[in-house]
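A.B. asks: Shown below is the structure under consideration.
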Amino acid sequence: MAKYLLSVYQPEGTPPAPAELERIMADVAVFEDDAKAAGVWVFSGGLQGQETATVVRAEGDEVLVTDGPFAEAKEYLGGLTIIDCADLDEALHWGRRATRATTLPIEVRPFHWA
Amino acid sequence: MTTEVERVFREEYGRAVSVLVRLLGDIDLAEEMVAEAFAEAVRRWPPVPPSPAGWIITTARNKAIDRHRRESTRGARHAQAALLADEAPVEEVGPVQDDRLRLIFTCCHPALNRAAQVALTLRLLGGLTTPEIAAAFLVPEKTMAQRIVRAKSKIRGARIPYRVPRDADLPERLRSVLAVLYLIANQGRADLAAEAIRLGRRLMELMPDEPEVRGLLALMLLVESRRGARRDGGALVTLDRQDRSRWDHTMITEGHELVRQCLRRGAPGPYQLQAAIQAVHTDGETDWAQVLALYDQLYALTPTPVVALNRAVAVAEVRGPEAGLAAVAGIELDYAPLHAVRADLLRRLGREAEAAREYTRAAELSADPAERTYLRTRLTSGERGFRSRGL
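Okay, here's the thing in structure tokens:
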């Protein structure tokens, strides 16, 4: 088994209308329940917007703290799910489910170690 | 290499690598062991053993066992145990066939980009070297080497499985395999076309019930059958002017038979329809009404601008240049063949100035020197007779 990160890529700008968002959240909950039932689910969560991010960086003896995301981008990490799968085909199956549920593109990437 | 070893290499390399990938679980090691086995064959043959492929596979497996014995790490001992457990004689059917299918589907996995799929397929199933693949695709050797290394490391790192896809995934996965073979066939080189046809035959043996596999093989054969007639010196010769005695009639006969088998199956797909069109073109005088009917079907399945353009040529043949021009009108594409078709139709209608502009644009856009020469000749010859631009 190997762990895969499913990253949700969210575009900058106005979020979906409340009714739309409610439907998406319901679909995401079904996705999560199914992944749990299949025994592949490890963790999932949605992140606050990139304006809430803070970067800390070690420089010499100091640690610099800066306001804002590491890199400003038009599309940023909006949420993530970690799954434990036999191979990429299984991970892509859950990736397909995730993009349908969130209506957003999903990056599927294996962990090097975990 | 001696000719016998060379022949076996060409025919059986992919099979040997596919079995070794399963046994070793590592593509690089599998390639290395198979290469060593062929080096051994060069030293030891003749006589060629009764089952050359079995000999190569067994030799490669033994070399892998030797290699593991020399390395005494715990992981290597596990791998050795797995190899020894599989020391039964190599079977000619069953699991070996499955191995080749697995390898094709791994090489053409949609998580790899198309260029990587093509390179891996030629290398692992066709036995082409990296410099050969680089030369065929006009890419620097270093770039091609990096492409292959990257693809292999993705297979390993992301755990792209070595498995024939489940039925639910098969249509999508098979589309990718067929696209790779068609791309190899269309690269414009006789050696690559021969390789694509060889792989197409293998795929049809392995998946006899997939009509699109059969259709693709028929299409590749029928297109390839005209290679010898397509050029006269450096100049391009269109289908209607080709010397039919220079066509490969063995390929045509086989292609026609495959198309008939597809028709009996009654499950048309894009490759089968394109093959059927090629079959009409290679069966006496072209029956354009039939070609148009087939393009109508093809356009319903794959409504691309290129299909629309080819359909327009058939429209012009059946209903005249005016209708053809109307059919071309809606196609939004700045593409050499589109301008060439429009030029021919305008000339048939006596609209010379517009035709000249279209020929010039077509020649500007064409990447093929022979095609450019052909178009410039058309521009200056003032020739009226328009026939299909089919090649």
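Same order as they appear, the protein sequences are chains E and S.
The first sequence begins at 0 in numbering that gives the first Met the number 0 and counts up by one.
The second sequence begins at 0 in numbering that gives the first Met the number 0 and counts up by one.
The beta-carbon is built from N, C-alpha and C at its ideal position, and this holds for glycine as well.
Everything numeric in this text was worked out from a predicted model, so none of it was measured.
#1: Leaving out the 5 sequence neighbours to the left and right, which residues in its chain are closer than 7 Å to residue 313 of chain S when beta-carbon positions are compared?
#2: Between residue 91 of chain S and the rest of its own chain, which residues show a CB-CB distance below 8 Å, the 5 nearest in sequence each way excluded?
#3: Leaving out the 5 sequence neighbours to the left and right, which residues in its chain are closer than 7 Å to residue 27 of chain E when beta-carbon positions are compared?
#4: Looking at the secondary structure, which residues open and close the beta strand (DSSP E) in which residue 61 of chain E lies?
#5: In this structure, what does DSSP give as the bridge partners for residue 8 of chain E?
#6: Name the chain S residues whose beta carbon is nearer than 9 Å to that of residue 79 of chain E?
#7: List the DSSP bridge partners of residue 53 of chain E.
#8: Which residues bound the alpha helix (DSSP H) around residue 175 of chain S?
#9: How many angstroms separate the CA atom of residue 42 of chain S from the CA atom of residue 33 of chain S?
#10: Could you tell me whether any Cβ in chain E is nearer than 7 Å to the Cβ of residue 232 of chain S?
#11: Identify each residue in the region 150-161 of chain S for which the Cβ-Cβ distance to at least one residue of chain E is less than 8 Å, and report them in chain order.
#12: Tell me, please, which residues DSSP counts as bridged to residue 393 of chain S.
#13: Which residues in the same chain have their Cβ closer than 6 Å to the Cβ of residue 7 of chain S, if we skip the five residues on either side of it in sequence?
#14: Is the number of C-beta pairs between the region 136-156 of chain S and the region 100-118 of chain S that are closer than 8 Å three or more?
#15: Could you name the residues of chain S that residue 87 of chain E contacts, counting a contact when the two beta carbons are closer than 8 Å?
#16: For residue 126 of chain S and residue 9 of chain S, I'd like the C-alpha separation in whole angstroms.
#17: What residue range is occupied by the uninterrupted alpha helix (DSSP H) comprising residue 136 of chain S?
#18: Using a Cβ cut-off of 7 Å, pull out every chain S residue sitting near residue 109 of chain E, in sequence order please.
#19: So for residue 123 of chain S, helix, strand or coil by DSSP?
#20: Name the residue from S:58, S:60, S:377, S:31 whose alpha carbon lies nearest to the alpha carbon of residue 237 of chain S.
#21: I'd like to know if residue 34 of chain E contacts chain S, where contact means its C-beta is closer than 7 Å to some C-beta of that chain.
C.D. replies: By the coordinates alone:
#1: In the second sequence, the residue the question calls residue 313 of chain S occupies position 314. Around residue 313 of chain S: 287, 290, 291, 294.
#2: Working through the second sequence from its first residue, we reach residue 91 of chain S at position 92. Caution is warranted here: a pLDDT of 49 is assigned to residue 91 of chain S, below 50, making its placement in the model unreliable, and the coordinate value is therefore given only provisionally. Hits under 8 Å: 50, 52, 53.
#3: Stepping through the first sequence from its first residue, residue 27 of chain E is reached at position 28. These residues qualify, in order along the chain: 100, 101.
#4: Numbered from its first residue, the first sequence carries residue 61 of chain E at position 62. Residue 61 of chain E -> beta strand (DSSP E) spans 61-66.
#5: For the purposes of this step, residue 8 of chain E is identified with residue 9 of the first sequence, where counting begins at 1. Note: residue 8 of chain E sits in a beta bridge opposite E:76.
#6: The sequence position of residue 79 of chain E within the first sequence is 80, counting from 1. Here the premise fails: no neighbours, minimum Cβ distance about 17 Å.
#7: Taking the first sequence and counting its residues from 1, one reaches residue 53 of chain E at position 54. E:66, per the DSSP bridge assignment.
#8: Residue numbering aside, residue 175 of chain S sits at position 176 when the second sequence is read from its first letter. From DSSP, the alpha helix (DSSP H) with residue 175 of chain S extends over 169-184.
#9: Along the second sequence, read from residue 1 onward, the residue named residue 42 of chain S stands at position 43. Along the second sequence, read from residue 1 onward, the residue named residue 33 of chain S stands at position 34. Their Cα atoms are separated by approximately 14 Å.
#10: In the second sequence, the residue the question calls residue 232 of chain S occupies position 233. No, residue 232 of chain S does not count as interfacial toward chain E.
#11: 156, 157, 158, 159, 160
#12: Absent from the structure is residue 393 of chain S, since the part of chain S shown begins at 0 and ends at 390.
#13: Residue numbering aside, residue 7 of chain S sits at position 8 when the second sequence is read from its first letter. Result list for residue 7 of chain S: 51, in chain order.
#14: yes
#15: In the first sequence, residue 87 of chain E corresponds to position 88, counting from 1. The answer, in chain order, is 108, 110, 157, 158, 159, 160.
#16: By one-based count along the second sequence, residue 126 of chain S stands at place 127. By one-based count along the second sequence, residue 9 of chain S stands at place 10. About 7 Å.
#17: Within the second sequence, the letter at position 137 stands for residue 136 of chain S. That residue, residue 136 of chain S, is in no alpha helix (DSSP H); it is neither H nor E in DSSP.
#18: Translated into the one-based positions of the first sequence, residue 109 of chain E becomes position 110. Ordered by position in chain S, the residues that pass the 7 Å Cβ test against residue 109 of chain E are 156, 157, 158.
#19: Indexing the second sequence from 1 puts residue 123 of chain S at position 124. Note: residue 123 of chain S maps to helix in three-state DSSP.
#20: Mapped onto the second sequence, residue 237 of chain S falls at position 238. That would be S:377, whose Cα lies nearest to the Cα of residue 237 of chain S.
#21: Indexing the first sequence from 1 puts residue 34 of chain E at position 35. It does not: the Cβ of residue 34 of chain E has no partner Cβ on chain S nearer than 7 Å.
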